[in-house]
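Chains as they are written, first to last, in my numbering: chain S, 1 to 131; chain L, 132 to 804; chain C, 805 to 1090.
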Amino acid sequence: MATSRSSTELLEQIEKLSGQTVSDCYQCGCCTSGCPIGEAMDPPPSKAVRLLQLGEAPELLDSDGIWMCASCLVCGTRCPRAVDYARIAEACRVLVLRSKQSRVDPDTVTGPELEEIPQQAFIAAFRKSSV
Amino acid sequence: MPNDECRLTGTQPPADAQSTIDNRQSKIPRVGVFVCHCGINIAGVVKIPELLERVGTMSGVVVTKDYKYCCSDPGQQMIRDSIKSDKLDRVIVACCSPTLHETTFRNACGEAGLNPYLCEIANIREQCAWVTADKDEATTKACGIVRTTLTKVVHDQPLEALTVPINKRALVVGAGIAGIQAALDIANAGYEVVLVEKEPSIGGHMAQLSETFPTLDCSQCILTPRTVETGRHPKIRLMTYSEIDSVSGYVGNFKVKVRQKARYVDFKTCTGCGACLEKCPGRTESWFERGLVRGKAIYRLLPQAVPNRPVIDAKACIYLTKGKCGVCAKVCPTGAIRYDDTDKFVEEEVGAIVLATGYELFDATKLGSYGVGRVPDVIDGLAFERLLSASGPTSGDVKRPSDGKVPKKIVFVQCAGSRDSTTGMPYCSKICCMYTAKQAILYRHRVHDGQATICYIDVRTPGKGFEEFYKRATDDGIQYLRGKVSKIFREGDKVMVWASDTLAGRKVELEADMVVLATAVVANPDGVALARKLKTQIDAHGFMTEAHPKLRPVETLTAGFFLAGCGQGPKDIPETVAQASAAAAKVLAMFGNTRLTHSPTTAEVDEEICVGCGYCERTCAYDAVKVDPARKKAAVNAALCEGCGACAVACPSGAMTHKNFTKKAIFEMADQF
Amino acid sequence: MTKYTYYPGCTLYTKARNLDICARKAAEKVGFELVEMPSWNCCGAIYNAASDDLAAQVGPVRNLAKASQLGDKLVTLCAACHNVLKRVQNRLDQPGNEVESERLKTFVDEKYERPVKVLHYLEVLKQEIGWDNIKEKVTKPLGGLKVASYYGCLIVRPKEVLEFDDPENPQVMDDLMRVLGAAPTRFDFKAECCGGYLVVNRRDVAKSASKKILDNAKAWGAEAIVTTCPLCQYNLDKLRAVTDGSIPVFYFTQLLGLAVGLAQDELGLEHNAGDPVGFLKSKGLL
Chain S
1 MATSRSSTEL LEQIEKLSGQ TVSDCYQCGC CTSGCPIGEA MDPPPSKAVR
51 LLQLGEAPEL LDSDGIWMCA SCLVCGTRCP RAVDYARIAE ACRVLVLRSK
101 QSRVDPDTVT GPELEEIPQQ AFIAAFRKSS V
Chain L
132 MPNDECRLTG TQPPADAQST IDNRQSKIPR VGVFVCHCGI NIAGVVKIPE
182 LLERVGTMSG VVVTKDYKYC CSDPGQQMIR DSIKSDKLDR VIVACCSPTL
232 HETTFRNACG EAGLNPYLCE IANIREQCAW VTADKDEATT KACGIVRTTL
282 TKVVHDQPLE ALTVPINKRA LVVGAGIAGI QAALDIANAG YEVVLVEKEP
332 SIGGHMAQLS ETFPTLDCSQ CILTPRTVET GRHPKIRLMT YSEIDSVSGY
382 VGNFKVKVRQ KARYVDFKTC TGCGACLEKC PGRTESWFER GLVRGKAIYR
432 LLPQAVPNRP VIDAKACIYL TKGKCGVCAK VCPTGAIRYD DTDKFVEEEV
482 GAIVLATGYE LFDATKLGSY GVGRVPDVID GLAFERLLSA SGPTSGDVKR
532 PSDGKVPKKI VFVQCAGSRD STTGMPYCSK ICCMYTAKQA ILYRHRVHDG
582 QATICYIDVR TPGKGFEEFY KRATDDGIQY LRGKVSKIFR EGDKVMVWAS
632 DTLAGRKVEL EADMVVLATA VVANPDGVAL ARKLKTQIDA HGFMTEAHPK
682 LRPVETLTAG FFLAGCGQGP KDIPETVAQA SAAAAKVLAM FGNTRLTHSP
732 TTAEVDEEIC VGCGYCERTC AYDAVKVDPA RKKAAVNAAL CEGCGACAVA
782 CPSGAMTHKN FTKKAIFEMA DQF
Chain C
805 MTKYTYYPGC TLYTKARNLD ICARKAAEKV GFELVEMPSW NCCGAIYNAA
855 SDDLAAQVGP VRNLAKASQL GDKLVTLCAA CHNVLKRVQN RLDQPGNEVE
905 SERLKTFVDE KYERPVKVLH YLEVLKQEIG WDNIKEKVTK PLGGLKVASY
955 YGCLIVRPKE VLEFDDPENP QVMDDLMRVL GAAPTRFDFK AECCGGYLVV
1005 NRRDVAKSAS KKILDNAKAW GAEAIVTTCP LCQYNLDKLR AVTDGSIPVF
1055 YFTQLLGLAV GLAQDELGLE HNAGDPVGFL KSKGLL
């Protein structure tokens, strides 16, 4: 469990941090359809929002999916109800990180290719997924 | 319409009536106040006994009574009896909104011998009980509303309704199935109809369709008997390739100017033989064929066109643009081509107008991620109808636009723009679930080994035989996939669709030969422009607004304008036809009278004060006020005046007043707060 | 020659030198000068969207404040820097957001003198210089090279803040390529995500996302791709080199430089994967 707060409190926090209202979502699935890495994201965006609608915020905070979102914003751009899932995922990550849990430990990221990767990628990755 | 034809009895009361009024005003008024409980709607919040007690002490109130439902027969009888027994000369009913029962209570007063315009409604339901939680606050507010109404009612003058004659001819704008049905119903009742259509022939979108859901009867086969009847009807004056230029006048007496676009073909001489159509070398986009094939510069929409006459698209005609060619004129056996034709204006006088301006499909190129315009094998629903139609460019064979191959896999995409608050179309387009199921079934009829997948958000089947039709589609092996499509793109000669299966909770990539979009139904832009011109109400999406969403579904708030078909909102053929017949019935109900009554609470000018500044004329939304430039005096056409009061507010000298809403009364009412 | 305050950002000083050098030199060829902002700091590399996370905006606020003391425009080139600076500038200047804006400004010593318009280099070319003026400066037209313009996410979204172009089918870079004598191809993946920073710990995901983009460009007949983001360039170019060597991925500034007559050694082609020199020679462009 990412935090000890109740599911209702977590949902309130997520809505406040993201500026999104999860009840706006009518589960059309367009976000999942268009997510460029949707196959690799579990749960995919629409299912993640469904978890929140059902009061299962803790399950979402424990999931892998929220860390896969690279904030490309394509889901929010095409959402017919103007729900920006990228901000919801961001709020979820922030809640986990604020409970002092890193997703990516910089020390564990290794490999010869790292020399080549632009530094902006490291800064972004660690800002998004490390305490 | 000359003004003197209206019996404007309310404007200039006879001399004896004038003296009566003076008498009434000089003596102390006798007002009866009747408080309605409206069940618990009012009585559950407003403390009725306290209200009655407080109202009873107000100056001029001689009697207060309450009743559970004042609008009921016994309730009305109570008011009638009290008028007589208590010798009332003014009545206030404290009840619901005047839009609901003002007429009821005014009629009741009239039956008891009191001028109906001396009865006023104090709205203590919508404006008080429904919006106030605290009982004491509600009671005090109700008391204030009654006191304010009392201030007004003592100033009220008796008025007589004015009446105007009716020109019993109707104008129907738009000759799709809605306009055709309305025109036929009115004409078959014996009244003349002017039917105006902007396209060269009638039938509208229904003429483009292949088969119709849920019975799969051929659209042309059920439509053409109506188009033929319309074309031949002695009471219908058909004006195709024509548009409404302007409408003036008022209910019962409209003057309509119709612009008949230059056709370059003399309809009287032309026999419709079609020789010109074969030889014409000019090419243009074909609206009717949805861009699937290039049309010719001289064209008719379809073989069964009514009227069976071609017109020339001046922009595409080589002769009209470059001055050479003239092939159509050379081959025409009757010499019907007229290159010097120009737009003509025709004036018609009618009493009622049915607006049946129809729909268009949303421009799918605006759905950037769906690839329309970039990927040739992504087409919209109407284009696919043309591919399925026996009279279409492929004679009913399903062939995809890019290379003419028969598609073995088609993905149908529902809600392409509909139910989307970001495209400005948050509404459901209503017909797409059914027509998509139909198109998938028809595709499988044509291509037996074809695979059809329908990507949907919800399948909505609220119509007779609709759910059964949906089952027929699934029984036929059509795959339904629940998830809105996000992206469509090309890969080699395939069309790729990024969809999802929300029931399984995963993203899905589909490979197709062709994609059909069920693009949103939008109000026809020409209809929207016309509604703006006529100042009839439209909603945020351009659909024309009915006078009441439940009880007056085919009338508008502008008297004399009626609605039929998709211009009012998306609907299927049965519903369109039903609404068109309903609109016709409303027109006929109006034509059943010899004269129309009009509310006498209109504006009036005090010529002694008026200096002819013209503020009133510029303010009036109904063209009811005109300043006579010679006399420099404003005059109100009472038949056109809707009594909105804007001119009285605009008038800087106070010459313009509003009957029974005088400035004196309104200021005194304001003082009550 | 009009001078613009320029914010290069970290990556352009190191791994994306080929984006930066060509941009500065090509600017002078087409008639403007990029004056690098003194003592700039990291923009933060990625925008933090959590509503209460004001501390994350301090870096960009300082850059914007410094820029505001130099003028009312700030030119960016890296798509990531542009996204962050533009979004933070929006928070500073958006009507109705004054309370938060004042708080943000108190975080830095530098005074935010005036609203700063954050302009991407492409916006400068289009809006400030104009296609016609650039066309005049083209000395080596690109000979109808079939180019797919890849914009990525960061310069087009969120559209209401970036106000850059149509987020589904942007055109600016295509227009530029046309001006330079190339033939931009249709392309369905102009603004799809390349996987971004996920390459750090999920190379598989970044690879598969990038592959889709490359496949689509090839399907539309593109011979090369142009981009404006160092991370997109890496994912499509270097990462792709691991996947399958196919079409070269240039920065748009490299092709701009080539067309306005920069010398081969000014194009920074040695920083690109594969054999860009051989490719350009085979097209008769070098």
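We put the beta carbon where it would ideally sit given N, CA and C, even for glycine.
Note that the structure is predicted; figures quoted are calculated from it, not measured.
Excluding the 5 residues preceding and the 5 following residue i in the sequence, name in chain order all residues of the same chain whose CB lies nearer than 7 Å to its CB.
| i | result |
| --- | --- |
| L:I173 | C167, I255, R256, A260 |
| L:G362 | L369, V437, P438 |
| C:K939 | V983 |
| L:V509 | Y501, G502, V503, I619, V626, V646, L648 |
Could you pull the start and end residues of the beta strand (DSSP E) that residue i belongs to?
| i | result |
| --- | --- |
| L:N384 | 384 to 391 |
| L:P296 | 293 to 296 |
| L:T728 | 726 to 729 |
| L:Y490 | 490 to 492 |
| L:E251 | 250 to 254 |
| S:S66 | The residue asked about is misnamed: residue 66 of chain S is Ile in this sequence, not Ser. Unbroken run through S:I66 is the alpha helix (DSSP H), 65 to 68; no beta strand (DSSP E). |
Per the DSSP calculation, residue i is bridged to which residue(s)?
| i | result |
| --- | --- |
| L:F543 | L:I585, L:V647 |
| L:M627 | L:F620, L:E642 |
| L:Q610 | L:T584 |
| C:L838 | C:Y808 |
| L:V224 | L:F165, L:I252 |
| L:A769 | For L:A769, which the question treats as bridged, DSSP gives no partner whatsoever. |
Give me, in chain order, the residues of the same chain whose beta-carbon lies closer than 8 Å to that of residue i; leave out the 5 immediate sequence neighbours on both sides.
| i | result |
| --- | --- |
| L:N154 | Its pLDDT being 40, under 50, L:N154 is placed unreliably by the model, and nothing is read from it. |
| L:E677 | R683, P684, V685, E686, T687, L694, Q699 |
| L:I353 | T343 |
| S:L52 | L11, I14, V22, L60, I88 |
Tell me whether the beta-carbon of residue i lies closer than 9 Å to the beta-carbon of residue j.
| i | j | result |
| --- | --- | --- |
| L:T488 | L:G658 | yes |
| C:G1078 | C:E1070 | no |
| C:K833 | C:K944 | no |
| L:Y746 | L:E773 | no |
| C:F836 | C:I933 | yes |
| L:A571 | L:I609 | yes |
| C:A995 | C:L949 | no |
| L:V628 | L:V544 | yes |
| C:Y1038 | S:E116 | yes |
| L:K215 | L:G206 | no |
Just to make sure I have the definition right: I need the residues of chain L whose C-beta is within less than 7 Å of the C-beta of residue i. Which are they?
| i | result |
| --- | --- |
| C:E972 | G499, S500 |
Sorted by chain position, which residues of the same chain lie with C-beta nearer than 6 Å to residue i's C-beta, five sequence neighbours on each side aside?
| i | result |
| --- | --- |
| L:L340 | S350, E516 |
| C:K909 | Y916 |
| L:F398 | R440 |
| L:I210 | F165, A239 |
| L:G305 | A487, T488, G489 |
Taking 8 Å as the cut-off, is the CB of residue i close to at least one heavy atom of the ligand ZN?
| i | result |
| --- | --- |
| C:L929 | Of the ligands one can find in the structure shown there are none, so the ligand ZN has no counterpart to examine. |
If I follow the unbroken alpha helix (DSSP H) through residue i, where does it start and stop?
| i | result |
| --- | --- |
| L:T270 | 266 to 284 |
| C:A883 | 883 to 897 |
| L:A460 | 458 to 462 |
| C:E964 | 963 to 966 |
What does residue i reach in chain S if we use C-beta pairs closer than 8 Å?
| i | result |
| --- | --- |
| C:K1087 | Result: empty, since nearest Cβ-Cβ is about 26 Å, beyond 8 Å. |
| L:V615 | Rather than Val, the amino acid found at residue 615 of chain L in this sequence is Lys. Those within 8 Å of L:K615 in chain S are C28, G29, C30, S33, P80. |
| C:L823 | Simply none; closest approach about 10 Å. |
Can you pull the chain C residues whose beta carbon is under 7 Å from the beta carbon of residue i, in chain order?
| i | result |
| --- | --- |
| L:R211 | Chain C residues near L:R211: none, gap ~58 Å exceeds 7 Å. |
| S:G19 | S855 |
Could you work out which residues of chain C lie near residue i, taking near to mean beta carbons separated by less than 8 Å?
| i | result |
| --- | --- |
| S:E116 | K819, Y1038, K1042 |
| L:E622 | D1019, N1020, A1023 |
For residue i, go through chain S and note every residue whose CB falls closer than 7 Å to its CB, in chain order.
| i | result |
| --- | --- |
| L:R637 | P44 |
| L:D551 | P80 |
Please list the partners that residue i has in chain L, where partner means a Cβ-to-Cβ separation under 9 Å.
| i | result |
| --- | --- |
| C:D992 | S500, G502, R505, V506, K618, I619, F620, R621, E622, M627 |
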